[in-house]
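Shown next, in structure tokens, is the structure this report addresses.
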Amino acid sequence: MSLPLLILSLALNADDGIPLQQQAQIESDQAKAQAEVAKKYGNRKSSEMSQDERRQMIKDQAAADKAVLEKAGVDPKQWAREQMKRSRSDYATAKEMGKEIAEKEKQAAADAAKKGSGDGKETEVQVQRGISDDNPVMIDEKPVEDGKPGVEQGISDADAAAAQEQDRLENSGAASDGPSSGGSKPSGKGGKGGGKRR
């Protein structure tokens, strides 16, 4: 074999490897994809699923991993080789980089949330209790004063009369609850009781 051919074959077979930063990003993206698949199946354990559901979930997980690798432009075989030959120090470094990536993404999400909530003015919501279908509160009946809608308080005359009638009926029913004076109290002997038979 000639020297130029040997150099060419070594150059083609030389595997520079995937940089640790890219490995950390791929692992982070794969973790997100796996979380989405788990969410799709209700975050259930595999023991809680039927055999068909487990089989389908495994296929979905593999497809999610493959999609992440394709997005990163990495061959699945090359990724597997990189994972196999990774040293402990490289693993620890990639794990630290993954934590940094997660922290940056969390910070970006918090900034986006601040930016979204900063545009709208926060207003205090006032809650009124005691509204029913029989006695609704109509906000549109009174004009708005000082930026606050007018709300009627208290009960109407009809409601007060209904409450007094209810009290009267409850009090009059309590006096007639006892036994009537004209009737006789049933005795324990005789009748259909459960006495002893001789």
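Mapping of the sequence shown onto the numbering used here: residues 801 to 998, in sequence order. Just so it is clear, CB atoms sit at the ideal spot from N, CA and C, and this is done for glycine as well.
Consult DSSP for residue i and reduce its assignment to one of helix, strand or coil.
{"i": "R886", "result": "coil"}
{"i": "K859", "result": "helix"}
{"i": "S850", "result": "coil"}
{"i": "S976", "result": "Because S976 sits at a pLDDT of 49, beneath the cut-off of 50, its placement in the model cannot be relied upon, and the point is left open."}
{"i": "V868", "result": "helix"}
{"i": "Y841", "result": "coil"}
{"i": "P819", "result": "coil"}
{"i": "K996", "result": "coil"}
{"i": "D875", "result": "coil"}
{"i": "E896", "result": "helix"}
{"i": "G982", "result": "Confidence in G982 is poor, its pLDDT being 48 and thus under 50, which makes the residue's placement unreliable; the coordinate value appears in the next sentence. Note: G982 maps to coil in three-state DSSP."}
{"i": "E924", "result": "coil"}
Straight-line CA distance for residue i to residue j?
{"i": "K840", "j": "D852", "result": "15 Å"}
{"i": "Q861", "j": "A908", "result": "27 Å"}
{"i": "R873", "j": "E924", "result": "Reading off the sequence, residue 873 comes out as Gly, not Arg. Cα to Cα, the separation comes out at about 50 Å."}
{"i": "Q825", "j": "E903", "result": "12 Å"}
{"i": "D959", "j": "R968", "result": "14 Å"}
{"i": "D977", "j": "Q964", "result": "In this prediction, D977 has a pLDDT of 48, which is less than 50 and means its spatial position is unreliable; nothing more can be read from the coordinates."}
{"i": "G916", "j": "A910", "result": "10 Å"}
{"i": "A999", "j": "D957", "result": "Residue 999 is absent from the structure shown; the chain starts at 801 and stops at 998."}
{"i": "K899", "j": "Y891", "result": "12 Å"}
{"i": "E970", "j": "S850", "result": "59 Å"}
{"i": "K748", "j": "S889", "result": "With the chain running from 801 to 998 in the structure shown, residue 748 is simply not present."}
{"i": "I901", "j": "N843", "result": "24 Å"}
So, are the CB atoms of residue i and residue j less than 8 Å apart?
{"i": "L820", "j": "M897", "result": "yes"}
{"i": "E848", "j": "A894", "result": "no"}
{"i": "A867", "j": "A833", "result": "yes"}
{"i": "E905", "j": "Q823", "result": "no"}
Excluding the 5 residues flanking residue i on each side, which residues of the same chain have their C-beta closer than 8 Å to its C-beta?
{"i": "E836", "result": "A864"}
{"i": "K871", "result": "D829"}
Can you find the residues in the same chain that come closer than 6 Å, C-beta to C-beta, to residue i, ignoring five residues on each side of it along the sequence?
{"i": "P876", "result": "L869"}
{"i": "M857", "result": "Y841"}
Since residue i and residue j are thought to touch, with beta carbons under 8 Å apart, how far apart are those beta carbons, to the nearest angstrom?
{"i": "S846", "j": "R854", "result": "5 Å"}
Apart from the five residues just before and just after residue i, which ones in its own chain have a Cβ nearer than 7 Å to its Cβ?
{"i": "A962", "result": "none"}
{"i": "D1051", "result": "Absent from the structure is residue 1051, since the part of the chain shown begins at 801 and ends at 998."}
Report yes if the C-beta of residue i is less than 7 Å from at least one heavy atom of the ligand FMN; otherwise report no.
{"i": "I858", "result": "This structure lacks the ligand FMN; in fact it carries no ligand of any kind."}
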